[in-house]
Structures are given as structure tokens and as C-alpha cells.
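Read the structure below first, then the notes.
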Amino acid sequence: MKYDVPYTGLPQQVAPIKQDLLAAFERVMDSGRYILGPNLARFEEQFARLCGTAFAVGVANGTCALQMVWQALGLGPGDEVITAPNSFVATASSIALTGAKPVFVDIGPDLNLDPARIAAAITPRTRGIVPVHLTGRPARMAEIVRIAEKHGLFVLEDAAQAVGSRLDGRPVGSWGNAAGFSLHPLKNLFAYGDGGVITTPDESLRDKLRQIRNHGLSNRECCEFWSGNNRMDEMQSALLLVHLGALDQWTERRRALAHRYHELLSAMVETPVEGPGEYCVYQTYVIQAAARDDLQIHLQEHGVEALIHYRTPIHLQPAAAQLGYGPGDFPVTERAAGRILSLPLFPAMTYAQQDQVADLIHDFYQQRPERRAEGQAICESTV
Amino acid sequence: MKVPFNYLPQQFGDATPYLEEWRKLAASGEFTLGPFVESFEAKFASYVGARHCISTNNGTDALILALKAAGIGAGDEVITVVNTFYATVGAIVAVGAKPVFVDCDERFQMDAEKISPAVTPKTRAILPVHWAGASPDVNRILDLAEAHGLAVIEDACPAVGAYVDGKHAGTFGKLGAFSMHPLKPLNVMGDGGMTVTDDDALADWMRKYRNHGMTDRDHIDFWGVNMRLQPFQAIVGSRVLDTVADLVRLRNRNARQLDAGLRQLPEFVTVAERPARHVEAQQLYMACFKRRDQLLQFLIGRGIEAKVHYPVPLHLQKAAAALGYKRGDFPVAERQAEHLITLPAHQFITAEQIDYILENIREFYLGTQGLGKLEETITVGR
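These protein sequence lines map, in sequence, to chains A and B. Sequential numbering from 0 applies to the first sequence in numbering that gives the first Met the number 0. Sequential numbering from 0 applies to the second sequence in numbering that gives the first Met the number 0.
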């Protein structure tokens, strides 16, 4: 289906830098060096600087960014890691596939891990905490890091959706012991296919991650430990370098559109707000709405591509059956799962497109005043 | 004269068609699996004669995916050959299983006769490698696997274009894995891999596991991973696949010329047999040489980019310490590791360049005087 307001608009977004991208593409192609070359090294250096961390390691995708950190730590059966149940599945699967147990705690009104609930979930088996900066909004890192330090836990930030987000002026990716980022095409900094990055302030961890990424090799002839292949290629690195030059502009545009959405919509639905000290990049613009499913259909039918991230919380997925959770275990997450709706928000979006979305939402609640009332009541009850 | 090992700037010298394809891809916005990946998978499956192809991010992931699909995990043993790339073992360890090595034969391939003594009650699978683009005695390995009740999973990473009795490498076992690393016969501008199988249920499981265990966007059946092939690399792979038969033919022409020249030096050089029933992909042209290290330096000094794949067999790597092997356990692989050299013989190497390599090797062993004599003998012999 062709939408008037699609969920993203990548071709329009990159049109102004197209010549630079094509030139970068051709340079890599002509070089004959396609893996682990100078473009990756430059990208890593610039990405680390962007995040205010000492080191960055470019990898194949955001999922393996998380997996590689656990591999470096030797996470495995008998271990537990605390995380949020309202994320993309990779947050939990990267823990579960090592044989360790993901232990979920519920979220706060910011839809991120609630620091107040963490202490109760810590056991002698807990090895780490994975706060997720969902939608590009930073989790409450100062409190989370304090808890982790007190209990001697490793903090792995799941920053898959949050390149450029900051809390109290400090970028995400620089708070924990390590952070995993995704550069998937639907992310605010994106590759043309899959891509990911790990940041860390720890040089020995960086060295280990580089080896994990490339078969456990310390050089071509010496294999220190058995490992796989999680490399980011030169082509993606070169294109990402071009994108890095445009990122600030893209982020500012996203933020301007988000603030405008807030003005247009906050009387009808619950819109995301920035808490004190937060700088959100709005990788996803998620409202919470009454009669969400009907609203989504209404938008879709009128040419607006609205999506849900994510309809089923991880603890209720069939994959999580063995963890022993059930409905009602995480009420804030479960209630939000029934109300969240991701509206189109992308740097190339026009105000006219945004108005179209707002008008449709307005019409929806005009035609269904009872729903709006229901929505408002819920909004008020959460304040 | 220069004889380079890397041919990528020549192979991808003309950017135009790839830029065109890339524009199409960028306009489509299909960066996560999608039609370009699907059409490449269908094309590759039909090329090798498999029912299903599940593409992956690289050859290592293809092996991991195959092992996982076969149900190999903690407590299991997998028999493989000791002279292979690190990733063969990395994949076995990644699924939690224990690699059990066997020695290779004079063709650098898994020695099938070493398999039975390595079988224990914990053995679940045999993982033969089509090392350097050639093939082991796959039919013998299949018979042994059947006798012992084991699965065969082929590491055909270097072997697109290789056949035994007209059947493509990687299609003999339950599952086969391939790589499209830039220095493989079928290559892309980065990493890429494929797993093939004829089994519908395994294919179905692999497609899900590769993409987070998803049945659709909202339903996660089981914990999975992301090992997706990049769509751009699918496009490159698809174009290169059209040329594979030709480039393998050129590599074999070069290999035959090297074989003939090196067989004139039987005191110094051991050349592998080339069984008539095998088509080799010649991913790497390897032979064993006396005074290897000096010859290697000599050739490099003459502008010939010769290499060694690899000087240390896997059981003697630091990573293998916990497996409990020692020097002397695999005498053939150990001897080859001290003597083998990989010579440039890829599709862009000309007959003149091969002559230049051979002249230099003759000069190294026979001196310039001996070189003249040998030329004479060869001429008379003809």
C-alpha cells in the first residue's frame, strides 16, 4: 500500500547528500578493500567521540552488539540479567541465548526501566542490568548506575534506538560499562542494511570485542579463542561516515517535529515529554491513545502508516514461556502495550504531512467522543 | 613482473552496474531481507541444486545456523578436519558443542579413514570441509555417517563451483554452508553466506532463527538472532554468480599449468592429485615445497604475492588448549603446515604470470644454470 504519510522517507532524507554517498560507494568499490579497513576505523573514532566514550567497535548489527558484550563477559547458565520487558526482542534474547536468565522489572511513566523496582529483583545470581533507552529517550542512568555500583553489577546500555540522546548533557552510551547501538535502516543513524556499534570506556574490553568480532584472532595466524564473525563492512562504514555529517541536522529536525506533534496532539492523546535533563532524539514518536487499535486502523485507512512498538511485551511472547512470567506481572508495561502507537516522524516529513496526521486523530476522537473521554481519564489518572 | 593475490580492484573495476543496482535498492527502501535477498536465495538454491537456500550475514553464521538447525548443542561432539579456517571450529563452539579433529590427506582434505576411530557415544555429526575449494571423498564420508548414525553438515564455504560426480559441493549432507567473503570464488563487497538444505522443516526453522525467531513482526516463537544477509550484497552475489562457472574454469586452467610445471620438480615439490570425478573451485592453489620459508621470501621478493594457509594447524592454536591435543597428533596436517604455499592462480592471473611463477620456483631450486638444463629437458621431452 502507498501511504500519503509513510512511516519513513529515506530517499528524500538522503537526497541532499546523495552525491557524497555515491562517491563514497565508488571509492570503497575501487579500493578492493571491503572488510576491516580505514573506513571502519574512522567511523569508530567518530562514533566514540559522538558518544563521549573512549572506544567504539563497529559490528554487523545491534543484536550482535549486545551478544558480543555478553560473550566477552562469559555470561551463561546460572546467571541473571535485569532488563525491561517492553523492548525489541533482542534485548532479552541476547541474554537468554547465552543460557542466562533475563529477569524483567516493570517500567516507569517514561516507559523506561524503573530504577525503584530494580533492587527487589537483584539476587546473588545477578550479573548485570540492561537499561533500554526506548524510542531515543534516555533511561534514568544516574540512579541505575548507582544501584549497579552498589551491587557490583555490569551495566550494558541498550542504546539501539538512541544515537545522540543525552541525559544531563552526557550522551547515552557513555554511562554504562558498555552500550550496544543499532544502525538498522529504521534508526536515526542508519546503514543501508544492518549495522551496529558497541561503545565502552574499557580498553581491554574493546580489544576483546575486536577479537570476538573476527574469529578470536589476534593476527592472521594466531587464534586466541574460538569465535564467530560479526564484522561491519567497509561499504557500510563509508556510507555511515557521510551520514554522521548530517546527523545533527536530522536530529534537530526530528526534535522540532516532535515538539510540533506535542502542540498538535496533547489535548487528545498522551504525548511523550522530555523529563528534566533529557535530550530525546525521537527515533520513534510514541503516543499513548485510547481505542488504540481503532485509531491505528483509522490512520491506516486514511493514508497514514502508524505502527506499534511493540504490541506484545517480551514476557508474554511464546519464546519467553520457560521464564515463567504471565499476564499481570508487569502492569505498567502491559497497560502501555495496549495504548502505544508510533506515528510517522522522519527528517524529510513536511508540516503538511504532520497536519494530516493530527487532523485524522482529531476527527477520530470527534466522531467518538466517548473514546476521547476514556483516553483523557486514563491520561489524568497517570499524572 | 607483479603477481598479486588480491584481484578485487580488477573484478569490480567497473562501478557503473553496481551503482545502478544500488540506486534501485536505495529507492526501494528494502534493507531488511526483502525481494533482492529472496531472489538471490532462489537463484543460488537452483544453482547448486538444493531445495532451499537461507542466506546469512557471513559463512560463519551459515555454519552456526546449519549446526543449530541440526540440533547440535552442549554435550555433543562434532568431527571435523584439523586443517581448516578458524570459523569451522568457531561455529561448533558457538553452538556449545565440542570439536573433535581428524587429520587430512595429501589432497589437503579430510581423511575419511580417520573418522571411525574418532567416533564416541557423544558424536552427533561429521563436518567435512571442502578445503581450498576442493572436496574430500564425500561419498565415503556419507557411508560412514550412515553406519554410525551421524548427520553430515558440509563446510562448503570456499567451494561454490566445486562438484563431485556432477553434484555440487554442500549438497551431499543434511545441510551445507557457503561463504561469499571477498576472496571466495563467489564473492561480494563485504561479508555474506548461505545455508542450503532439502529439508522443508529445517529451512523453515532457519528462516525464523536468522531473524529473531519471528513468525511476523508481533510474534516471537523462540529466541533467535540477527544473521541477515545485506540486500546490497545479495545483489552483488547475484551478479557474480552468473560468472562463477567461467571464473572457475579460468582458475582451473591456471591450476593445470602450475601442476604441470611443478610436477617437473618432484624432488622439491608435492602437487595434490586431481581426481577425475572432482571439479575443484580452486579457491586457493596450494602445494607443498621443500625449504618453504626461504622459497616464500624468495617469491615475495620477486613480486609474487604467495601466502600460507595456514602455518599453524588448529590443534596447536592457543584457542585449542582446552581440547587437549598435542604436536604429533595430526602428522599430515602438521607436515603440510610446514611446507605448503598458496600461489596466486585466480581468474585474473595470465599464462605469462604463471610462467613467471614457475621460472622463479625453478630458479630457486636449480639456480639459473639448472634452470637452463631443465628447460632443455622439458623441450626434449615434448
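Here a beta-carbon is modelled for each residue, glycine too, at the ideal position from N, C-alpha and C. Computed from a predicted structure; not experimentally measured.
inquiry  = Within 8 Å, do at least three Cβ pairs link the segment 163 to 177 of chain B to the segment 13 to 31 of chain B?
reply    = In short, these stretches do not touch, since the Cβ pair count stays below three.
Exposure label - T214 (chain B); buried when at least 16 CB within 10 Å = Position 215 of the second sequence, counted from the start, is the residue given in the question as residue 214 (chain B). With fewer than 16 Cβ atoms within 10 Å of its Cβ, T214 (chain B) is classed as exposed.
request  = Can you give me the start and stop residues for the alpha helix (DSSP H) that G61 (chain A) sits inside?
outcome  = Here residue 61 (chain A) refers to the residue found at position 62 when the first sequence is read from its first residue. Counting along the chain, the alpha helix (DSSP H) containing G61 (chain A) begins and ends at 61 to 72.
task = Just mark P330 (chain A) as buried or exposed, buried being the case when its beta carbon has 16 or more other beta carbons within 10 Å.
result = In the first sequence, counting from the first residue as 1, residue 330 (chain A) sits at position 331. It is exposed - the Cβ of P330 (chain A) has fewer than 16 other Cβ atoms within 10 Å.
inquiry  = Considering only their Cβ atoms, is the gap separating V68 (chain A) from L155 (chain A) smaller than 7 Å?
reply    = Taking the first sequence and counting its residues from 1, the one referred to as residue 155 (chain A) is at position 156. Taking the first sequence and counting its residues from 1, the one referred to as residue 68 (chain A) is at position 69. It is a contact, given that the beta carbons lie within the stated cut-off.
inquiry  = I want to verify the contact list: residues of chain B whose CB lies under 7 Å from the CB of Q299 (chain A), in sequence order.
reply    = Position 300 of the first sequence holds residue 299 (chain A). Within 7 Å Cβ-Cβ: nothing; Q299 (chain A) doesn't reach chain B, min ~14 Å.
request  = Please decide whether F224 (chain A) counts as near chain B, where near means a Cβ-Cβ distance under 7 Å.
outcome  = Locating residue 224 (chain A) in the first sequence gives position 225, where the first residue counts as 1. For F224 (chain A), the closest Cβ of chain B is nearer than 7 Å.
message = I want to see whether chain A comes within less than 7 Å of M179 (chain B), judged by CB atoms only; does it?
response = Within the second sequence, the letter at position 180 stands for residue 179 (chain B). Proximity of M179 (chain B) to chain A, defined by a Cβ-Cβ separation below 7 Å, is not satisfied.
request  = Would you grab the beta carbon distance between F46 (chain A) and V196 (chain A) for me? Rounded to a whole angstrom, and I think it's under 8 Å.
outcome  = Taking the first residue of the first sequence as position 1, residue 46 (chain A) is located at position 47. Taking the first residue of the first sequence as position 1, residue 196 (chain A) is located at position 197. Contact check for F46 (chain A) and V196 (chain A): beta-carbon distance about 5 Å, within the 8 Å limit, so the pair qualifies.
request  = Return the residue from the list B:G12, B:A14, B:E20 that minimises the CA-CA distance to Y191 (chain A).
outcome  = Here residue 191 (chain A) refers to the residue found at position 192 of the first sequence. Checked all of B:G12, B:A14, B:E20; the closest Cα to Y191 (chain A) is B:E20.
ask   = Which two residues bound the contiguous alpha helix (DSSP H) that contains D154 (chain B)?
value = In the second sequence, the residue the question calls residue 154 (chain B) occupies position 155. Bounds of any alpha helix (DSSP H) do not take in D154 (chain B); it lies within the beta strand (DSSP E) bounded by 150 to 154.
inquiry  = Considering only DSSP beta bridges, list what P265 (chain B) is partnered with.
reply    = The sequence position of residue 265 (chain B) within the second sequence is 266, counting from 1. None, per the DSSP bridge assignment.
Sequence-distant residues of its chain with Cβ nearer than 7 Å to Q18 (chain A) (five each side left out) = Position 19 of the first sequence holds residue 18 (chain A). So the list is empty, once near-sequence residues are dropped.
Y191 (chain A): contacting residues in chain B (beta-carbon distance under 9 Å) = Within the first sequence, numbered from 1, the residue matching residue 191 (chain A) stands at position 192. W21, L24, A25, F30, Q229, P230, F231, listed in chain order.
query = Excluding the five sequence neighbours on either side, which residues of its own chain have a C-beta within less than 8 Å of the C-beta of G327 (chain A), listed in chain order?
reply = In the first sequence, residue 327 (chain A) corresponds to position 328, counting from 1. E333.
request  = Would you kindly work out how many angstroms separate the C-alpha atoms of I78 (chain B) and G189 (chain B), rounded to a whole number?
outcome  = Translated into the one-based positions of the second sequence, residue 78 (chain B) becomes position 79. Translated into the one-based positions of the second sequence, residue 189 (chain B) becomes position 190. Distance between the alpha carbons of I78 (chain B) and G189 (chain B): 30 Å.
inquiry  = Less than 8 Å between C-beta atoms, sequence neighbours within five positions excluded: which residues of the same chain meet that for F297 (chain B)?
reply    = As a first step, residue 297 (chain B) is located in the second sequence; it is residue number 298 there, counting from the start. Here the set comprises N359, F363.
ask   = In chain E, which residues lie with their C-beta within 8 Å of the C-beta of L18 (chain B)?
value = No chain E is part of this structure, whose protein chains are labelled A and B.
Y364 (chain A) - DSSP class collapsed to helix/strand/coil = For this step, residue 364 (chain A) is matched to residue 365 along the first sequence. Assigned with DSSP and collapsed to three states, Y364 (chain A) falls in helix.
ask   = Quick one: Cα of D13 (chain B) to Cα of A289 (chain A), how far?
value = The residue labelled residue 13 (chain B) in the question sits at position 14 within the second sequence. The residue labelled residue 289 (chain A) in the question sits at position 290 within the first sequence. In this structure, the alpha-carbon of D13 (chain B) lies about 56 Å from that of A289 (chain A).
query = Going by the beta-carbon positions, is the gap between T52 (chain A) and V285 (chain A) smaller than 7 Å?
reply = If you number the first sequence from 1, residue 52 (chain A) lands on position 53. If you number the first sequence from 1, residue 285 (chain A) lands on position 286. No; because the gap between Cβ atoms is not below 7 Å, this pair is not in contact.
ask   = What is the rounded straight-line gap between the Cα of A254 (chain B) and the Cα of Y284 (chain B)?
value = Along the second sequence, read from residue 1 onward, the residue named residue 254 (chain B) stands at position 255. Along the second sequence, read from residue 1 onward, the residue named residue 284 (chain B) stands at position 285. Rounded to the nearest angstrom, the two C-alpha atoms are 7 Å apart.
message = Below 8 Å, how does it come out for the segment 168 to 186 of chain B and the segment 274 to 288 of chain B: are there three or more Cβ pairs, yes or no?
response = Proximity of the segment 168 to 186 of chain B to the segment 274 to 288 of chain B meets the contact definition, three or more beta-carbon pairs being nearer than 8 Å.
message = With the cut-off set at 7 Å, would you say V129 (chain A) and D157 (chain A) are in Cβ contact?
response = Within the first sequence, the letter at position 130 stands for residue 129 (chain A). Within the first sequence, the letter at position 158 stands for residue 157 (chain A). For the pair V129 (chain A) and D157 (chain A), the CB atoms are nearer than the 7 Å cut-off.
query = Expressed to the nearest angstrom, what Euclidean distance is found between the alpha-carbon atoms of L263 (chain A) and D167 (chain A)?
reply = Position 264 of the first sequence, counting from 1, holds the residue named residue 263 (chain A). Position 168 of the first sequence, counting from 1, holds the residue named residue 167 (chain A). The C-alpha of D167 (chain A) is placed about 27 Å away from the C-alpha of L263 (chain A).
key: Proximity test, Cβ basis, 7 Å: R310 (chain A) and chain B   = Residue mapping note: residue 310 (chain A) aligns to position 311 of the first sequence, counting from 1. Put simply, the CB of R310 (chain A) is near chain B, with a gap under 7 Å to one of its CB atoms.
request  = Using the Cα positions of R41 (chain A) and L240 (chain A), report the straight-line distance between them to the nearest angstrom.
outcome  = For the purposes of this step, residue 41 (chain A) is identified with residue 42 of the first sequence, where counting begins at 1. For the purposes of this step, residue 240 (chain A) is identified with residue 241 of the first sequence, where counting begins at 1. If I take the Cα positions, the gap works out to 8 Å.
inquiry  = Please classify K121 (chain B) as buried or exposed, where buried requires at least 16 other C-beta atoms within 10 Å of its C-beta.
reply    = If you number the second sequence from 1, residue 121 (chain B) lands on position 122. Classification of K121 (chain B): exposed, given that the 10 Å Cβ count is below 16.
key: C-beta neighbour in chain A for K113 (chain B), strict 7 Å   = Along the second sequence, one-based indexing puts residue 113 (chain B) at 114. Judged by the 7 Å Cβ criterion, K113 (chain B) is not in contact with chain A.
query = Between L24 (chain B) and I234 (chain B), which are expected to be in contact by the criterion C-beta below 8 Å, what is the C-beta distance as a whole number of angstroms?
reply = Counting from one through the second sequence, the residue named residue 24 (chain B) turns up at place 25. Counting from one through the second sequence, the residue named residue 234 (chain B) turns up at place 235. Cβ atoms of L24 (chain B) and I234 (chain B) come within 8 Å of each other, at about 6 Å.
ask   = For N210 (chain B), which of helix, strand or coil comes out of DSSP?
value = In the second sequence, counting from the first residue as 1, residue 210 (chain B) sits at position 211. Strand.
task = Going by CA-CA distance only, name the one from A:V356, A:T349, A:E273 that's closest to H132 (chain A).
result = The residue you call residue 132 (chain A) lines up with position 133 of the first sequence. Selected option, being the one with the closest Cα: A:E273.
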